[in-house]
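K.L.:
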Amino acid sequence: MESDWASLARSVAHKWQAVVVTWTKPPTQRYKLNTYASMVNGRMSGGGVLRDLEGRLIFAFYKEFGEKGVLQAEALAVLEGLRVCAAKGVQEVLVEVDSAVLMSLVKSSALGGWSHCNLLRQIRRLLDQVSVSFIHIFCEANMAADRLAALQGYPSMVFDSVQQLPREIRGCLAMDAREFPSLRLVPC
């Protein structure tokens, strides 16, 4: 007689498939901004990476947000990335986020919940300064930003060169530039 665990494992195994996911270079004359939010010890932080069409670093950032909700932290990470783009005069940016909800809210005219409305307004104001397109991606195509968001022991900062970044993040950037694949399990 089969155990309950074996039966459950068999039923779940047929409902998932592995998909190859990779960071891809932006189109010509565009930059790509990947942002991510992370919770470490109950506190949210965010990270992001702006790269050119060859996958070369333009800047990266890490910022602590404190005790926020996940959607708020995702929005704060996008806001911080766009602020740095605007400050550096960067135009034509393709923003990739793994939050379909955030992407939908930013693209719509909705203000979302009370805790999100000011963030959405600030992001939309920056869209007047920086030409931006938003794309939803899986987090596996966003590894450098994911690792940046989870940094500990660093103050909030902008990194202007690869050499300033922690070694692990430099490795993620190198793999991304070569479009090294990752696997993600998705429902069938």
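For the sequence shown, numbering that gives the first Met the number 0 puts the final residue at 187, and the numbers step up evenly by one. From the three backbone atoms N, C-alpha and C, an ideal C-beta is built for every residue, glycine too.
#1: Let me check understanding here. Comparing Cα to Cα, which of L78, R120, A173 lies closest to M142?
#2: Can you name, in chain order, every residue of its own chain whose Cβ lies under 6 Å from the Cβ of L266, other than the five neighbours on each side?
#3: Below 8 Å on the Cβ atoms is my guess for Y61 versus Y153; work out the distance and round it to an integer in Å.
#4: First and last residue of the alpha helix (DSSP H) that includes S103?
#5: Confirm the yes/no value for this check: CB of P26, any heavy atom of the ligand COA, distance under 7 Å.
#6: Hey, how far is the Cα of P26 from the Cα of I168?
#7: What is the C-beta distance between W22 and A99, in whole angstroms, given that I count them as a contact (C-beta under 8 Å)?
#8: Indicate whether the contact test is met: 3 or more Cβ pairs, each with one atom in the stretch 118 to 132 and one in the stretch 155 to 170, closer than 8 Å.
#9: Who are the near neighbours of S130 in its chain, counting only those whose CB is closer than 8 Å to its CB and skipping five residues on each side?
#10: DSSP state of A109, grouped into three classes?
#11: Only counting the same chain, and skipping five residues up and downstream in sequence, which positions put a Cβ closer than 6 Å to that of H135?
#12: Going residue by residue through the stretch 0 to 84, where are the continuous alpha helix (DSSP H) segments of at least 4 residues, counting only ones entirely within it?
#13: Where do the ends of the beta strand (DSSP E) carrying I134 lie?
#14: Going by beta-carbon coordinates alone, are K78 and L118 separated by less than 8 Å?
#15: Hey, out of L52, Q128, S37, F158, whose CA is closest to D97's CA?
#16: With respect to the beta strand (DSSP E) encompassing R183, which residues constitute its N-terminal and C-terminal limits?
#17: On the DSSP bridge assignment, give the partners of L93 in chain order.
#18: Cα-Cα, which of W4, A74, K14, C116 is closest to G47?
#19: Measuring CA to CA, which of K106, C116, E63, A176 is closest to S132?
P.N.:
Walking through what the data contain:
#1: Ranked by how close their Cα comes to the Cα of M142, the residues L78, R120, A173 have A173 in first place.
#2: As shown, the chain starts at 0 and ends at 187. That puts residue 266 outside it, with no answer to give.
#3: Sure, about 6 Å apart at Cβ, within 8 Å.
#4: From DSSP, the alpha helix (DSSP H) with S103 extends over 99 to 106.
#5: As for the ligand COA, it is missing from this structure, which has no ligand bound.
#6: P26 and I168 have their alpha carbons spaced roughly 23 Å apart.
#7: In this structure, W22 and A99 do not form a Cβ contact; the two beta carbons are roughly 18 Å apart against a cut-off of 8 Å.
#8: With a cut-off of 8 Å, the stretch 155 to 170 and the stretch 118 to 132 do not count as touching, because too few Cβ pairs lie within range.
#9: Correct list, in chain order: Q90, E91, V92.
#10: Correct three-state label for A109: coil.
#11: A99, M102.
#12: Entirely contained in the stretch 0 to 84, the alpha helix (DSSP H) runs reaching 4 residues are, in chain order, 3 to 12.
#13: Here the beta strand (DSSP E) through I134 covers 131 to 135.
#14: Rather than Lys, the amino acid found at residue 78 in this sequence is Leu. Contact: yes.
#15: In this structure, S37 is the residue among L52, Q128, S37, F158 with its C-alpha nearest to the C-alpha of D97.
#16: Unbroken beta strand (DSSP E) run through R183: 181 to 186.
#17: L93 is bridged by DSSP to K31, S132.
#18: It is A74 whose Cα lies nearest to the Cα of G47.
#19: Relative to the Cα of S132, the nearest Cα in the group K106, C116, E63, A176 belongs to K106.
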